[in-house]
Each structure stands twice: as C-alpha cells, then as structure tokens.
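Engineer:
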Amino acid sequence: MQQKIIILDFGSQTTQLIARRIRELNTFCEILPYNRFPHDDPSVIGVVLSGSPFSVYGKDAFTLDLDGIIGHYPVLGICYGAQLIAHSLGGKVEPQGTREFGRAQLEIAFPDNPLLKGLDNPTQVWMSHGDTITGLPEGFHVIASTKTVRFAAYQSDTLPVWGVQFHPEVYHSLQGSRLLENFVIDICGSLKQWSPSGFVESSVSSLREQLGNDRVILGLSGGVDSSVTAMLLNKAVGDRLTCIFVNHGLLRKNEYEDVIRLYEGLGLNVVGVDASEMFFSRLKGVSEPERKRKIIGAGFIEVFENEARKITDARWLAQGTIYPDRIESLNITGKVIKSHHNVGGLPDRMNLSLCEPLKWLFKDEVRRVGREMGMPEKLVSRHPFPGPGLAVRILGEVTPEKVRILQEADDIYIKALRSWKTGEPGMEKPLYDQIWQAGAILLSDVRSVGVMGDERTYENAIALRAVTSTDAMTADWAHLPYDFLAQVSNDIINSVKGVNRVCYDISSKPPSTIEWE
Ligand code: XMP
Numbered sequence: 016m017q018q019k020i021i022i023l024d025f026g027s028q029t030t031q032l033i034a035r036r037i038r039e040l041n042t043f044c045e046i047l048p049y050n051r052f053p054h055d056d057p058s059v060i061g062v063v064l065s066g067s068p069f070s071v072y073g074k075d076a077f078t079l080d081l082d083g084i085i086g087h088y089p090v091l092g093i094c095y096g097a098q099l100i101a102h103s104l105g106g107k108v109e110p111q112g113t114r115e116f117g118r119a120q121l122e123i124a125f126p127d128n129p130l131l132k133g134l135d136n137p138t139q140v141w142m143s144h145g146d147t148i149t150g151l152p153e154g155f156h157v158i159a160s161t162k163t164v165r166f167a168a169y170q171s172d173t174l175p176v177w178g179v180q181f182h183p184e185v186y187h188s189l190q191g192s193r194l195l196e197n198f199v200i201d202i203c204g205s206l207k208q209w210s211p212s213g214f215v216e217s218s219v220s221s222l223r224e225q226l227g228n229d230r231v232i233l234g235l236s237g238g239v240d241s242s243v244t245a246m247l248l249n250k251a252v253g254d255r256l257t258c259i260f261v262n263h264g265l266l267r268k269n270e271y272e273d274v275i276r277l278y279e280g281l282g283l284n285v286v287g288v289d290a291s292e293m294f295f296s297r298l299k300g301v302s303e304p305e306r307k308r309k310i311i312g313a314g315f316i317e318v319f320e321n322e323a324r325k326i327t328d329a330r331w332l333a334q335g336t337i338y339p340d341r342i343e344s345l346n347i348t349g350k351v352i353k354s355h356h357n358v359g360g361l362p363d364r365m366n367l368s369l370c371e372p373l374k375w376l377f378k379d380e381v382r383r384v385g386r387e388m389g390m391p392e393k394l395v396s397r398h399p400f401p402g403p404g405l406a407v408r409i410l411g412e413v414t415p416e417k418v419r420i421l422q423e424a425d426d427i428y429i430k431a432l433r434s435w436k437t438g439e440p441g442m443e444k445p446l447y448d449q450i451w452q453a454g455a456i457l458l459s460d461v462r463s464v465g466v467m468g469d470e471r472t473y474e475n476a477i478a479l480r481a482v483t484s485t486d487a488m489t490a491d492w493a494h495l496p497y498d499f500l501a502q503v504s505n506d507i508i509n510s511v512k513g514v515n516r517v518c519y520d521i522s523s524k525p526p527s528t529i530e531w532e
C-alpha cells in the first residue's frame, strides 16, 4: 500500500508548496479541504494542517474537530494550523496589531527535538501571520522562539503533535525542507515509496489492468503533460494507443512538423491533422480575446472528435490532466472551488471513459517521469504554451500574415534563449532553462514609426515576455541580460520584415497576467 500524508487545506496560498516539498521527500501526499479528512483510509501516516488567511477566533474561521486526528496520527500544524491546535485545545491566540511578514531568526530551545534536530541554531525562517499564539494548551511546551514570537514552535508533552508559527515550506525558511523531512521521514515513518521509477512501474501495470485490450485515444499538444501521458500509455498498451495532433495554424514556427517527427521517433502512433485553414477562416474579423479562445476551443474539439470517430473501436479517452488542475482549493470565502476540466464533455458525447494517468503529479514530477522514460530533454523541458497558441499573442484580429511575422520573431527569441548561457563557470545553463515561460507578442494594432533611409515607415512592434514562476499562478518578469536583449532586438528588427520596434515586458503577475490577451 502506498503510504500518504494528508495536508488539510485551510486556504493558504502556500498549501501546494507544502505538498511539493513532501513529494520531494519521495513521499506521496494529498491536499484535501480542511473538513474532508479520510478517517477510514489505512494508508495515511501523518497529517499537516496548512496556513490560512483567516483568524481562528473570527466568525468565518474554519473549525475542525481534531478528535480522530490528534492521538491517531502524527500532526504538524503550520501557521494557522498551529494556532488552530493551540486554540482548540485550550491555548490562547490573539491579534498582534500588525502583521508580521518576512525573515526571522529561530532560536531553538531543544536542538534534539525530533522536529528540529539537525537544524542550525539559530536558523532563518519565514513568518507571515497577523495573529499569534500567546498561551499554549496544558500539556504542551515551547521548543523554539524568535525575538518577537515566543511560541514559534511547540510540541505536546505526550502526543506526536507539533505546531510551527513560521512557514517551513517556503524557500526563505532556509532549513524548512529539513524540518519537513524530520516530520515526514522520522516522525511519520515514510518508507520513501514515491519516486519517478516507482511511478512508471506502478502506472504501467495499473494501466494494463484498467485498459485490458481496449483501444485508447489521446489528444497531443506538443506540451510536456500530454507527451508524457502518451509515453506512459505507449509503454502500457503499445500501438493500441492512437495519438491525434491537431494543427490549428497557431503553433510556433515549424512546430507541427518538428513535434510529429519527434513523436514518431519515440515510437508513438500519431495522426496529424492540419486544420489551419479552417481556424483562420473562423477567426477572420474576430478581435475580442475571449471570442478567439471560444472559437479555437470549439474548433479544436470538432476536429479532434471527427478524427477520433474514425477509430471506431476506441473505448478510452486519455488526457494529460495533472494534480494542480484538480486540487480543490478554498477561495477567500472558504468555498471549495474546483479548477476547470479541459475536455468539454467529449468523453460523454463519444461514450468514452476517461483515463488520466498523471492526475496525481505536479509539473516538476511530470518532467521527472518523462526523463525516467528516456524522453528527449527538448520535449521534457519545454515551456508551457497556451492552447489557443499565438492567437492570444497577436493583439486584435489574427491573420496568416500576422502569424508568420510573429512566428519569425518568436523563433529568433526562443533560439537565442536556448543558446545564450549564464551562470557560475562550469555551471552555465541556457537562459531557456532558467525561466518558466517565454514568447513574443505582436502588438499588431500599434503602428510604430521608424526611419528607413530618408523615409518614415509604419510597421509593427513586438513585445518580448519571459517570466520566472513555479506554477503560473504568480510570476515575475525574468531579469534577462541587457546584452542578450540587445542582440535579440537587433536580430528581429534586421530580419523580420514588418517589425521595426522591440520592447521587453517588465510586469509581474499579479497584477499583470503572463499572456497579453
Ligand atoms: P495567464 O496569462 O493567465 O497564464 O497568466 C497562466 C498560464 O496559462 C496559460 N494560458 C492558457 N493556456 N489556454 C491554455 O491552455 C488558454 O486560453 C490560456 N491562457 C493562458 C499561459 O500560457 C500560462 O502558462
């Protein structure tokens, strides 16, 4: 049985980070809304209570009956989680007046405590809280403090229950991973069963069992998630998997041909459908971004469905859904919100069952699984690319000529990102691998003035975007070297006909989004 840690989510922005840190410890974990603890699941070996934007004593507070959890499993409360345990068991939590936010030095009173052993003393931790614990329940004692927070970490005298006021899951808590390792491996007794090779092996055998001799269809996009799904299924059912790759004409330069070739080289059974003309004709005269998205989404399903119907004996539709697509997170009102599902009713209409072999994986785990199966690095480390493709990177109406201009500029930019390396001597990495996502945007409604000889010209402006991120929920603009930007700007203006100006986008998300439309 696969052991698991349950993370009960009280709405903190860093809940997913806790999960990713635990997975990095080769331990499976699942995020559940705070009131959905699986009391009868025998594979649970420990529980983490997350942070929250709320106060434990507020009228909207999330309350949880800790009976049935405390005393039954090792428990670690983080921030709100720690306050909730203290508050529920008779301790005291009070508002602080001002929110404490930022780095703090944690002074450890008991360096041999199972949760804190091996940490430097003092060690830097990250605080982000408005309330603070001012009294521990009876039977609990403090194990670490900071200058301003007396009960920064505490433990029960008799039960495996800990609380920490800081956030060990964030990068700025320098030894947070060590603390989580102490909890997950030593205290909960994880056997470290979760690994890319273990995942491949167990998925292939469970897919064989699930699919039997049935035929499976999968929509490939050229992206990491659908490609890794295809490889996994190919390992499980071989050529009973048919992959369909639709070209909507809004892909990067040469991408359709390159990716099909790459897939065929991997032994996948791929059907390519070039529907560019249809998409261009439907997008004619349309400039509103959401309408463009709807047209492309509906057109994609139509083409895919037409093709899929030709495979008359198919029983399954496979999808590259990953864990963050499915996590039920809590919004600010405490309501559970479920992220979109991107199949648009297709399985029901076509009477197919849905198969989602990556549904438990985070993006970085998907990449590791891809590498484990020997997929080429170029495919595994690809940046995310939006489903509607270049249509959301061309402001206003999309035409084949605008797509051509943008493809040329984007190609120069992406190739340069792949070849320009930075880093300590001996540790240099291409810029491409240091960022989450990059692309060029055609500001086609802007008429940019230029001079060519003695003539004034009116041409297009291109914006370049590159961001760092871990999940696309928040992102910062990448601080690309000036020399690099200078070279790319020069190359684009000199070689892409129709472009006479290049800008670099220095907005972070929020408030901006990654895509311009
Ligand atoms: P934004 O622009 O919302 O983008 O910050 C976040 C991530 O989502 C991608 N994106 C899309 N992906 N269909 C998609 O499949 C879309 O309509 C779409 N819009 C944005 C974007 O590239 C980034 O990775």
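Numbering (my numbering), first residue to last: 16 to 532. The beta carbon of each residue, even a glycine, is placed where N, CA and C say it ideally should be. Note that this is a predicted model, so its numbers are computed, not measured.
1. Can you list the alpha helix (DSSP H) stretches of 4 or more residues lying completely in the segment 296-370, in chain order?
2. Just checking my contact of Y447 with V503 at CB under 8 Å: how many whole Å lie between their CB atoms?
3. When you compare only the Cα positions, how much space is there between H356 and T161?
4. For the candidate residues S220, E272 and I456, whose alpha-carbon lies nearest to that of V285?
5. Between the C-alpha atoms of Q449 and Y497, what's the straight-line distance to the nearest angstrom?
6. What's the C-alpha gap between D425 and S459?
7. Expressed to the nearest angstrom, what Euclidean distance is found between the alpha-carbon atoms of E216 and P525?
8. Go ahead and pull the three-state DSSP assignment for E532.
9. Would you report the Cα separation of Q18 and S434, rounded to the nearest angstrom?
10. Is any heavy atom of the ligand XMP found at a distance shorter than 8 Å from the C-beta of E39?
11. So, are the CB atoms of L151 and L134 less than 9 Å apart?
12. Can you have a look at M108 and say buried or exposed, based on whether 16 or more other CB atoms are within 10 angstroms of its CB?
13. Distance check for S192 and A490, CA to CA, integer angstroms please.
14. Buried or exposed: where does D336 fall if 16 or more other Cβ atoms within 10 Å of its Cβ makes it buried?
15. Is any heavy atom in the ligand XMP found nearer than 8 Å to the beta carbon of E303?
16. So is the beta-carbon of T528 under 8 Å away from any non-hydrogen atom of the ligand XMP?
17. Comparing C-alpha positions only, which one of A476, K393 and T348 sits nearest to L410?
18. Write down every uninterrupted run of the alpha helix (DSSP H) in the segment 153-217 whose length is 4 residues or greater and which is fully enclosed by it, in chain order.
19. Excluding sequence positions up to five away, which residues of its chain have a Cβ less than 7 Å from the Cβ of V118?
20. Helix or strand or just coil, what does DSSP make of N509?
21. CB Q170 to CB G234, shorter than 9 Å?
22. How long is the line joining the alpha carbons of I20 and L361, rounded to whole angstroms?
23. Closest by CA to G26, which one among S67, S242 and L281?
24. For G178 versus Q98, is the C-beta distance shorter than 9 Å?
Structural biologist: According to the data block:
1. 304-324, 338-341 and 361-364
2. Actually they are not in contact, since the Cβ atoms of Y447 and V503 sit about 13 Å apart, beyond 8 Å.
3. Low confidence applies to H356: its pLDDT is 48, below 50, so where it sits in the model is not reliable, and the reading given next is rough at best. Roughly 44 Å between the two C-alpha positions.
4. E272
5. 16 Å
6. 14 Å
7. 40 Å
8. coil
9. 43 Å
10. no
11. no
12. One detail in the question is off: residue 108 reads as Val in this sequence, not Met. V108 is buried by the Cβ-count criterion.
13. 23 Å
14. Per the sequence shown, residue 336 should be read as Thr rather than Asp. Buried is the call here.
15. no
16. yes
17. A476
18. 191-196
19. Position check: residue 118 holds Arg in this sequence, whereas Val was assumed. These residues qualify, in order along the chain: Q139, W141 and H187.
20. helix
21. no
22. 34 Å
23. S67
24. yes
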